[in-house]
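Trainee: What follows is a structure written as structure tokens; I'll ask about it next.
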Amino acid sequence: MSQLLQLTEVTAGMQIVFGGDRLLHVPEEIARRFRRGDALVPMETTGELLLIPAAERSLVADAVGRASDAFQTMGAVQDRQISEFFENFALRLESSETWAEIERANVGDVDDARRRGRSTTRLVADDKLRRGMIEGLRGWIDAPTRRGQVVETIEHGGWKVELVGAELGVVGFVFEGRPNVLADATGVLRGGNTVVFRIGRDALRTARAIMERALSPALLAAGLPEGAVQLIDSVEHAAGWALFCDRRLALAVARGSGPAVATLGALAKQSGIPRSLHGTGGAWIVAAQSADAAAFSAAVVGSLDRKVCNTLNVCCIVRSRADELVPPFLEAVERAGTSRAQSFKLHVVQGDEGFVPADLFGRQVTVRRASGDVEEMQAELLDVEELGREWEWEETPEVTLKIVDSVEQAIELFNRHSPQFIASLISDDRGEQERFFATVNAPFVGNGFTRWVDGQYALERPELGLSNWQHGRLLGRGGVLSGDSVFTVRARVTQTDPKIRR
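Dropping the structure here:
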């Protein structure tokens, strides 16, 4: 159970007992910032103390309250009205006038993010992002819903039991600066749920514009309760912390950077809230003994077209084929960079440098990062314990190379070091593919490029996020969290024989 401490006064060094038998001391900075009405939350996983200001607590409590009230009325909302919401939302995004307002807000977000050295690759509200949002919303118009759907029927003599899909409740959603997620995640409404968003500072202006110009008017036009979608208008991380401590949430969803998502997930767990975490990404490709060089090269190029969570991050090549496969691997990475008018950045696990041309370790190249262009060595050595590190590149493809003795060793390294997210095996051996699927601890497994891992692309359903297994496997849901996977089950009995007794 989460310990949200409401104290009237805090002093530096003050002792706080938490977790039943653990002790921490209030840091000087938190003591200095603390004001009456603020709350302190001890993190059971790290022993860290978080400060949640009263203003953020109030803002979040109000938003969750409105969403909770809205959920109580969603049972009377017809599926037709929900479809009208998605259609109306899409039409408003298609409006040139509406989109111009959203673009103006987005320019401010992008400029501010660049000044702070933040990545903008997924922040820009261009026409491609707009089309994707519209397509996703239209996908929900005729999408089936679990709400009211009979999942199973158990017949008895004189009576029967039906297991019926039902609304889950209020979904709390914290995500990074990606404006399109604001539209994608409204898919939870398809099943009669309501949602509270907290978006990162990078995209807050854009989110406000989408809410004001398109989303909220679409709710009103469809006759849905106004509180069904709430945006927490705050740039403070504490707003997300407060949201994930609110036990009125039926589900807490977080996507963003690994450390931030880990903190949010820990808060939800302490508070007893089911959670779905989408943090650290990065895919692994393993080239086996029987790997076809052309297929391997194509998989690498196809997995490095842009930096997102399903981009190739680590490539393992079996030692017996390294002399043959490392050259096409390097050529493929270079080709991916050239397609973006860039070079590439390579990390080689210590001990494997002999398989890579020595001149790469002495050659300086321009690497485009979120903070700007920098000169770096094209290849650098990496400790094997760093294999789980995700390379957050901006324009210059960046990847790790590891030479392994066998596919089994690659699996062992993946299961131990990776975020346990996406694994692909390039092999012509069907039995080896089956063993790989059975033993690699990943929700997404393939035999080619890794960028297929996307709810819209693969399942034709807008996604709320892609779950890795870094924080444990999910119960009853796949790795793609979508609007139609947020539901619960009720039991309904129909008795035809009034004399039935136990």
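This note's numbering applies: residue 951 is where the sequence shown begins, and numbers increase by one.
Even glycine gets a Cβ: it sits at the ideal position worked out from N, Cα and C.
All of these numbers come straight from a predicted model, not from anything done at the bench.
#1: Which residues does DSSP pair with V1315 in a beta bridge?
#2: So G1398 and V1430 are in contact, right, with Cβ under 8 angstroms, and what is the actual spacing, rounded?
#3: With DSSP as the reference, please indicate the residues paired to S1432 in a beta bridge.
#4: Report yes if the CB atom of L1217 is closer than 8 angstroms to the CB atom of V991, and no otherwise.
#5: Report yes or no: do the segment 1030-1048 and the segment 1080-1093 share at least 3 C-beta pairs separated by less than 8 angstroms?
#6: Smallest Cα separation from G1025: which of N1418, L1118, R1290 and K1257?
#7: Which full runs of the beta strand (DSSP E) of 3+ residues lie inside the segment 1162-1250, going along the chain?
#8: Check for me: the alpha helix (DSSP H) holding E1362 runs from which residue to which?
#9: Would A1210 and L1181 be called neighbours here (beta carbons separated by less than 8 angstroms)?
#10: Can you look up R1451 in the DSSP assignment and give me helix, strand or coil?
#11: Is it the case that the Cβ atoms of F1123 and G1206 are separated by a distance below 8 angstroms?
#12: Below 8 angstroms on the Cβ atoms is my guess for I1052 versus A1020; work out the distance and round it to an integer in Å.
#13: Helix, strand or coil for L1280? Go by DSSP, reduced to three states.
#14: Measuring CB to CB, does V1283 end up less than 8 angstroms from L1254?
#15: What does the alpha-carbon distance come out to for the pair L1170 and E1162?
#16: Is it the case that the Cβ atoms of L1351 and Q1328 are separated by a distance below 8 angstroms?
#17: So for T996, helix, strand or coil by DSSP?
#18: Quick one: complete beta strand (DSSP E) runs, 3+ long, within the segment 1009-1070?
#19: Give the secondary structure of F1294 by DSSP, where H, G and I count as helix, E and B as strand, and everything else as coil.
#20: For T961, count neighbouring C-beta atoms within 10 Å of its own C-beta (all shown protein chains included) and say buried if the count is 16 or more, exposed if not.
#21: Please name the residue in E1325, W1419, A1135 and E1336 whose C-alpha comes closest to that of V1146.
#22: How about the segment 1363-1371 and the segment 1276-1295: do they share at least three Cβ pairs that are nearer than 8 angstroms?
#23: Quick test of the definition: if touching needs 3 or more C-beta pairs under 8 angstroms, does the segment 1188-1205 touch the segment 1213-1230?
#24: Helix, strand or coil for E1112, going by three-state DSSP, please let me know.
#25: Exposed or buried, what is S1270 when buried is set at 16 or more other beta-carbons lying within 10 Å of its beta-carbon?
#26: Give the C-beta separation of S1374 and I1235 to the nearest angstrom, bearing in mind that I take them to be a contact with Cβ-Cβ under 8 angstroms.
#27: Do L1193 and V1439 have their C-beta atoms within less than 8 angstroms of each other?
#28: Roughly how many whole angstroms lie between the Cα atoms of I1091 and R1140?
#29: From A1153, A1241 and L1113, pick the residue whose C-alpha is nearest to that of L1132; which is it?
#30: Is S1270 helix, strand or coil by DSSP?
#31: Is N1263 helix, strand or coil by DSSP?
#32: Please work out which residues of its chain come closer than 6 angstroms, Cβ to Cβ, to R1155, disregarding the five sequence neighbours upstream and downstream, and give them in chain order.
#33: For V1354 versus V1268, is the C-beta distance shorter than 8 angstroms?
#34: Quick test of your reading: V1111 and A1441, contact by CB under 8 angstroms. State the CB separation rounded to the nearest angstrom.
#35: For T1070 and T1400, what's the separation of their Cα atoms in angstroms?
#36: At a cut of 8 angstroms, does the segment 1334-1344 reach the segment 1355-1362 through at least three beta carbon pairs?
Mentor: Based on what the coordinates show:
#1: Answer by DSSP bridge pairing, in chain order: E1326.
#2: In fact, because the Cβ distance is near 18 angstroms, the residues do not count as touching under 8 angstroms.
#3: Residue pairing by DSSP places S1432 opposite E1413 in a beta bridge.
#4: A contact, by the Cβ cut-off of 8 angstroms.
#5: Inter-segment contact for the segment 1030-1048 and the segment 1080-1093 is present: three or more beta-carbon pairs are separated by less than 8 angstroms.
#6: The option with the nearest alpha carbon to G1025 is L1118.
#7: Uninterrupted beta strand (DSSP E) stretches at least 3 residues long and entirely within the segment 1162-1250 occur at 1179-1181, 1199-1205, 1225-1228 and 1233-1237, given in chain order.
#8: Annotation for E1362: the continuous alpha helix (DSSP H) segment containing it runs V1357 to H1367.
#9: Result no, Cβ atoms of A1210 and L1181 do not sit closer than 8 angstroms.
#10: R1451: coil per DSSP, three-state reduction.
#11: Cβ atoms of F1123 and G1206: not closer than 8 angstroms.
#12: The beta-carbon separation of I1052 and A1020, rounded to 24 angstroms, does not stay under the 8 angstroms limit for a contact.
#13: L1280 falls in the helix class under three-state DSSP.
#14: Yes, they are a contact pair.
#15: Whole-angstrom Cα-Cα distance: 11 angstroms.
#16: Not closer than 8 angstroms, so no.
#17: The answer is coil: DSSP assigns T996 none of H, G, I, E or B.
#18: Counting only unbroken stretches of 3 or more residues, no beta strand (DSSP E) element lies wholly within the segment 1009-1070.
#19: Coil at F1294, not helix or strand.
#20: Flag for T961 reads exposed.
#21: Answer by Cα proximity: A1135.
#22: No, because fewer than three Cβ pairs between the segment 1363-1371 and the segment 1276-1295 fall closer than 8 angstroms, the two stretches do not touch.
#23: The segment 1188-1205 and the segment 1213-1230 touch, with no fewer than 3 CB-CB distances between them shorter than 8 angstroms.
#24: E1112 sits in a strand when the DSSP states are folded into three classes.
#25: S1270 is exposed by the Cβ-count criterion.
#26: Between I1235 and S1374 the Cβ distance is about 5 angstroms, and since that is below 8 angstroms, they are a contact.
#27: It is not a contact, given that the beta carbons lie outside the stated cut-off.
#28: Rounded to whole angstroms, I1091 to R1140 spans 8 angstroms at the Cα level.
#29: Ranked by how close their Cα comes to the Cα of L1132, the residues A1153, A1241 and L1113 have A1153 in first place.
#30: Helix at S1270.
#31: Correct three-state label for N1263: strand.
#32: Excluding residues within five positions, the ones whose Cβ falls inside 6 angstroms are A1055, G1058 and D1059.
#33: Judged by beta-carbon spacing, V1268 lies within the 8 angstroms limit of V1354, meaning their Cβ atoms are closer than that value.
#34: With 8 angstroms as the limit, V1111 and A1441 qualify as a contact, their Cβ atoms being about 6 angstroms apart.
#35: Taking the Cα positions, T1070 is about 22 angstroms away from T1400.
#36: Counting C-beta pairs closer than 8 angstroms gives fewer than three between the segment 1334-1344 and the segment 1355-1362, which falls short of the contact rule.
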